[in-house]
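Residue numbers (UniProt numbering): 1 to 342. Notes follow the structure.
Next comes the structure, spelled out in structure tokens:
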């Protein structure tokens, strides 16, 4: 019986991925890492048959043990930035598997890795025409600057996938801005756009960083979960298609893009139409001022992160089909309004 070990079940990405995979494969055995007993009870309420592993990402021995015992590891909890967890998962997969029975690692990165040029130049809100892609242009992704955001963990993961290619089958999934209601047991809320909506409601105007021309990809959380589910199916089937696994198996998971300034305008318009703010209004902010309201999330509103997700479409037959970000925006604003009333 296939065993899946998942980190981040109480989070937005991991919770929705778990919902998708359990629905498609109730016959699998699942173990999930959860930090505390209260959240564990919420997970068990939705998934009575899931095994709870109490611990956190600093518990290397637990991560190694569970990764060694699992056929598939789906790592979503702070996966793009926690070095220790990545090392422990790699060690466990290598220790517990063989060429005859490899372990599969579905690692979650993030397209913040593509923003280094803006941050190097200390420029925010300007448009970039640079577009990466994960198929013909994968070599460029594999050779991004060492100081790029998330790059240290990506390197560690990719090196493990190269060094132990026979034993450890790697897929590095890089989501951009994620939106849509998550179906997980605890968190169903995204970050960047949700914080934008929250700040718009608080200030009664949409915040724009600089000229507001920076561009970022987006994907619906359900479409993102389909990528994980398709990779799980490929692992169970023992597929070995070229480019499916390994040190160049970068999966950019976008289904469109938005201009941050236009999104701020649309968010204010949605809030005004719903009667939450008096009028559609925006205001330009410098980065430091915006950070006072939304912290690190506001930084992304001034950065460019553009890519094309060809790999999942070509190899996995991924066909994202959920509503667009603009179509979901009124519901995002409504959900943030309700959160602020609590």
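Glycine included, each C-beta is placed from N, C-alpha and C at the ideal position. In this text the structure is predicted, and so the values were computed from the model without any measurement.
What does the Cβ neighbour count give for residue i, buried or exposed, with the cut at 16 atoms within 10 Å?
i           : result
residue 274 : exposed
residue 40  : buried
residue 340 : exposed
residue 300 : buried
residue 80  : buried
residue 154 : buried
residue 71  : buried
residue 364 : Absent from the structure is residue 364, since the part of the chain shown begins at 1 and ends at 342.
residue 205 : buried
residue 93  : buried
residue 217 : buried
Taking residue i as part of the alpha helix (DSSP H), name the residues at either end of that continuous run.
i           : result
residue 21  : 12-24
residue 267 : 260-273
residue 277 : Segment: none, residue 277 is in no alpha helix (DSSP H) and carries neither H nor E.
residue 97  : Looking at the DSSP string, residue 97 is not in any alpha helix (DSSP H), and its letter there is neither H nor E.
residue 113 : Unbroken run through residue 113: none, as it is neither H nor E.
residue 63  : 60-69
Do residue j and residue i count as a contact pair if the criterion is CB distance below 8 Å?
i           : j           : result
residue 83  : residue 156 : yes
residue 37  : residue 66  : no
residue 184 : residue 18  : yes
residue 190 : residue 15  : no
residue 144 : residue 113 : yes
residue 215 : residue 277 : no
residue 203 : residue 263 : no
residue 308 : residue 252 : yes
residue 270 : residue 330 : yes
residue 107 : residue 172 : yes
residue 208 : residue 294 : no
residue 170 : residue 234 : no
residue 104 : residue 336 : no
residue 256 : residue 174 : no
residue 128 : residue 304 : yes
residue 167 : residue 102 : yes
Between residue i and residue j, what straight-line distance do the alpha-carbon atoms span, to the nearest angstrom?
i           : j           : result
residue 4   : residue 177 : 26 Å
residue 52  : residue 219 : 29 Å
residue 289 : residue 6   : 37 Å
residue 135 : residue 95  : 31 Å
residue 247 : residue 89  : 16 Å
residue 267 : residue 326 : 9 Å
residue 211 : residue 125 : 5 Å
residue 314 : residue 265 : 35 Å
residue 237 : residue 179 : 30 Å
residue 47  : residue 225 : 17 Å
residue 12  : residue 64  : 24 Å
residue 60  : residue 91  : 10 Å
residue 131 : residue 323 : 23 Å
residue 78  : residue 186 : 16 Å
How about residue i: is its Cβ closer than 7 Å to a heavy atom in the ligand ADP?
i           : result
residue 230 : Absent from the structure shown: the ligand ADP. Ligands present: none.
List the endpoints of the continuous beta strand (DSSP E) containing residue i.
i           : result
residue 30  : 29-34
residue 3   : 3-7
residue 47  : Careful: residue 47 lies outside any beta strand (DSSP E) and carries neither H nor E.
residue 220 : 215-220
residue 108 : 103-108
residue 75  : 72-75
residue 57  : No beta strand (DSSP E) contains residue 57, which DSSP labels as neither H nor E.
At which residue ranges does the segment 124-212 contain complete beta strand (DSSP E) runs of 3 or more residues, listed in the order of the chain?
168-174, 177-179 and 206-209
Length-filtered (3 minimum) beta strand (DSSP E) runs lying within the segment 275-340
282-285
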